[in-house]
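J.: The structure that follows is given in the form of structure tokens.
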Amino acid sequence: MENNIKKLKVSAIENGTVLDHIPSQQLFKVINILDLTNCPNQVTFGSNLDSKLLGKKAIIKVSDRYFADDEINKIALVAPQAKINIIKNFEVVEKRVISVPAEISGIAKCSNPKCITNHQPVQTRFATVVENGHLKLHCHFCEKMTDSDKLIILAKN
Amino acid sequence: MPKSLISIHDFTKDEILHILDVAKEFEANKTQPILRDKVVATLFFEPSTRTRLSFETAANRLGARVIGFSDAGNTSVSKGETLKDTIKMVSNYVDIIVMRHPLEGSARYASEVASVPVINAGDGANQHPSQTLLDLYTIKQTQGRLDNIDINMVGDLKYGRTVHSLLQAMSHFSPKFTFTAPDELKMPQEYKDFLTSKGIPYQETTELTEGLNNTDILYMTRVQQERFTDIMEYEKVKNCYSLIASMLAGARENMKILHPLPRVNEISQDVDETKHAYYFKQAENGMYVRMAIIAYLLGYK
């Protein structure tokens, strides 16, 4: 245990949540979606860490905070393969997997420039569609598809 | 939330058939003032003379009174009022709202803000369900049925919302499709995938002359110049998709030509005199179908 902790590039937390296996290029989107910029807790993160699974990965550790399922599931949009570890007293006490929520409100921008949500103060709303393991968002308003590859995350107020 | 008509998907197959039955009743008896104490708003944030007049006539024939505007230019919208505020205000005044708006999804949003039913009379390139219902009504009227119809769709199949909605609505009735379009304006893959998933056959061609003899419905649409990046391409295509009466010699007896109108040069005037021309009657049918939609959403039919 001691040895393991020494090797960690992002230091261990005593209690809280670790979000592991985030694709490096998605790190800041995850931070934005979870609104960690406004989080008063200690937040540590690392990016471009070596990963057997992803090549390069990012990791986020949030002390003394546990996320509700519907909160954490939002990151399925950008990091569906992320692993969520719940830490208590330096030990992983629970592992959670992310599942894609059926509907997503107010996080992503609709890629259709003529959609009402891009012109008026209307909160975006999508149904999620998974096609061959690929996530797409079907706009509730304009009925057009937004590809998760081209996803733009709306800035939090 | 009261029931609205925003997208053709909002109506089940049974509801679609019900609307067509009610429309037939209205065609047989054009003036039925069952909505004498009602007020209908027609809010046209972008101009569309044909659709607006059709809806307003429908409302008048039902005995309702009509308020509204035909252009957002001289309304509070030009002062920067949000769609939400306009709809909130108007839904306090009237019993039902008919709305046309250039932004896609605007009608769905309006229906969620309004306290009265909303009929989408076109939201950008997205949906125009009353057009789809009048197309179905006309197909049924001319062929005596909706099931197992051969339909040849011609022209702008890429951007044309009427063909996309009609394709989806017809998928309830085991049709067979031919898509006639220049390469630039072919039917998008997602709609072809949709047909495949429903087991509905289709074929594609670029030649107008190819699909004229083996179809029940020839659904023509306008090929618009602004859809082309290369103006020379447009000039070439424009003339290929021009239907003239002599091309119809081998057409089926029952074959009817539909067109959402306005037409420009895709149907020559001499076609108007043939037994196949049906687009003006189709436009007339729009009025009966819109009477049926209004009466149904207000709970009268």
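Chains as they are written, first to last, in our numbering: chain A, 721 to 877; chain B, 1359 to 1659.
From the three backbone atoms N, C-alpha and C, an ideal C-beta is built for every residue, glycine too.
(1) Where do the ends of the alpha helix (DSSP H) carrying ALA828/A lie?
(2) For ILE1497/B, which of helix, strand or coil comes out of DSSP?
(3) Which residues in the same chain have their Cβ closer than 8 Å to the Cβ of GLY1608/B, if we skip the five residues on either side of it in sequence?
(4) For the region 1502 to 1509 of chain B against the region 1469 to 1486 of chain B, are there 3 or more C-beta pairs whose distance is under 8 Å?
(5) Using a C-beta to C-beta distance shorter than 7 Å, which residues of chain A count as neighbours of ASN1484/B?
(6) Would you mind sorting GLU1414/B into buried or exposed? The rule is 16 or more other CB atoms within 10 Å of its CB.
(7) I believe LEU1576/B touches TYR1599/B by the beta-carbon criterion, under 8 Å. Please report the beta-carbon distance rounded to the nearest angstrom.
(8) Output yes if chain B places a C-beta closer than 8 Å to the C-beta of ASN832/A; else output no.
(9) Buried or exposed: THR1496/B, going by 16 or more other Cβ atoms within 10 Å of its Cβ?
(10) Determine whether the Cβ of ASP849/A lies closer than 8 Å to any Cβ atom of chain B.
(11) Looking only at C-alpha atoms, which of GLN745/A, ALA788/A, MET865/A sits nearest to THR737/A?
(12) Can SER1464/B and ILE792/A be called in contact, C-beta distance under 8 Å?
(13) Using a Cβ-Cβ cut-off of 8 Å (strictly less than) and excluding sequence neighbours within five positions of PRO800/A, which residues of its own chain qualify?
(14) Can you tell me whether SER825/A is buried or exposed, with buried defined as 16 or more other CB within 10 angstroms of its CB?
(15) So, does the region 1449 to 1458 of chain B touch the region 1384 to 1400 of chain B, judging by three or more C-beta pairs under 8 Å?
(16) Strictly below 8 Å CB to CB, what residues from chain A border GLU1404/B?
(17) Tell me the DSSP bridge mates of ALA847/A?
(18) Going by the DSSP bridge assignment, what does HIS1459/B pair with across the sheet?
(19) Verify the CB distance criterion: does TYR1467/B have a CB-CB separation below 8 Å to chain A?
(20) Taking the alpha-carbon positions, what's the ASN877/A to ILE827/A distance?
(21) Beta carbon of MET1528/B, beta carbon of PHE1537/B: below 8 Å?
(22) Does the CB of GLY1463/B have a neighbour CB from chain A at under 8 Å?
(23) Is any beta-carbon of chain A found at less than 8 Å from that of LEU1525/B?
(24) Considering only residues of the same chain and omitting the five flanking positions on each side of VAL1595/B, which have a CB-CB separation below 7 Å?
(25) Under 8 Å between C-beta atoms, does ASN877/A make it to chain B?
(26) For SER771/A, which of helix, strand or coil comes out of DSSP?
(27) Inspect the CB distances between the region 861 to 877 of chain A and the region 1617 to 1631 of chain B and report whether three or more fall short of 8 Å.
(28) Can you list, in chain order, the residues of its chain whose CB lies under 6 Å from that of LYS808/A, leaving out five sequence neighbours each side?
(29) Between the beta-carbon of ILE804/A and the beta-carbon of ILE742/A, is there less than 8 Å?
(30) Could you name the residues of chain A that SER1365/B contacts, counting a contact when the two beta carbons are closer than 8 Å?
(31) Measuring straight from C-alpha to C-alpha, what distance separates ASP1514/B and ASP1481/B?
(32) Applying a beta-carbon distance threshold of less than 9 Å, which residues of chain B neighbour PRO841/A?
(33) Out of THR1444/B, HIS1459/B, LEU1543/B, which one is the CA nearest neighbour of GLU1591/B?
(34) I'd like to know if LYS856/A contacts chain B, where contact means its C-beta is closer than 8 Å to some C-beta of that chain.
(35) Give the single residue among PHE810/A, GLY853/A, GLN746/A, ASP790/A whose Cα lies nearest to the Cα of SER783/A.
(36) Under a CB-based cut-off of 8 Å, is THR837/A close to chain B?
T.: By the coordinates alone:
(1) Where ALA828/A is concerned, there is no enclosing alpha helix (DSSP H), given that its DSSP letter is neither H nor E.
(2) In the three-state reduction of the DSSP assignment, ILE1497/B falls in the helix class, which pools H, G and I.
(3) Correct list, in chain order: LEU1570, ASN1571.
(4) Two segments are said to touch when three or more pairs of C-beta atoms, one from each, lie closer than 8 Å; by this definition the region 1502 to 1509 of chain B does not touch the region 1469 to 1486 of chain B.
(5) Close partners of ASN1484/B in chain A (Cβ separation under 7 Å): CYS862, GLU863.
(6) So GLU1414/B counts as buried.
(7) The pair is not a contact, with the Cβ atoms about 12 Å apart (cut-off 8 Å).
(8) With 8 Å as the cut-off, ASN832/A counts as an interface residue toward chain B.
(9) That one is buried.
(10) The question names Asp, yet the displayed sequence has Val at residue 849/A. Not closer than 8 Å to any Cβ of chain B, the Cβ of VAL849/A fails to qualify, so no.
(11) Taking THR737/A as reference, the option from GLN745/A, ALA788/A, MET865/A with the minimal CA-CA separation is ALA788/A.
(12) One thing to note: SER1464/B has its Cβ no nearer than 8 Å to the Cβ of ILE792/A.
(13) Here the set comprises ILE818, VAL820, LEU855.
(14) Label assigned to SER825/A: exposed.
(15) Between the region 1449 to 1458 of chain B and the region 1384 to 1400 of chain B, the count of C-beta pairs closer than 8 Å reaches three or more; the two stretches touch.
(16) Listed along chain A is no residue with a C-beta nearer than 8 Å to that of GLU1404/B; the closest approach is about 12 Å.
(17) Residue pairing for ALA847/A: DSSP places it in a beta bridge opposite GLU823/A, HIS858/A.
(18) DSSP, once it has assigned bridges, lists ASP1481/B as partnering HIS1459/B.
(19) The beta-carbon of TYR1467/B is placed less than 8 Å from the nearest beta-carbon of chain A.
(20) Note that ASN877/A scores 48 on pLDDT, short of 50, meaning its location in the model is unreliable and no value can be drawn from it.
(21) PHE1537/B is positioned such that its CB atom lies no closer than 8 Å to that of MET1528/B.
(22) By this cut-off, GLY1463/B is an interface position.
(23) Using beta-carbon distances, LEU1525/B does not count as an interface residue toward chain A, since no partner is under 8 Å.
(24) Taken in chain order, the residues that qualify are PRO1540, VAL1581.
(25) Here ASN877/A scores only 48 on pLDDT, less than 50, and its place in the model should not be relied on; the value that follows carries that caveat. Residue-level contact by beta carbon fails for ASN877/A and chain B, as no gap is shorter than 8 Å.
(26) If DSSP states are grouped into helix, strand and coil, SER771/A belongs with the strands.
(27) Short answer: they don't touch.
(28) Excluding sequence neighbours, LYS808/A sits near ASN735.
(29) If you check the CB distance, ILE804/A and ILE742/A do not come in under 8 Å.
(30) Neighbours of SER1365/B on chain A, chain order: GLU863.
(31) Taking the straight line from one Cα to the other gives about 18 Å.
(32) At a beta-carbon threshold of 9 Å, the residues of chain B lying near PRO841/A are THR1440, LYS1442, ordered along the chain.
(33) Considering only alpha carbons, the answer is LEU1543/B.
(34) Judged by the 8 Å Cβ criterion, LYS856/A is not in contact with chain B.
(35) Closest by alpha carbon: PHE810/A.
(36) Cβ-Cβ to chain B under 8 Å: yes for THR837/A.
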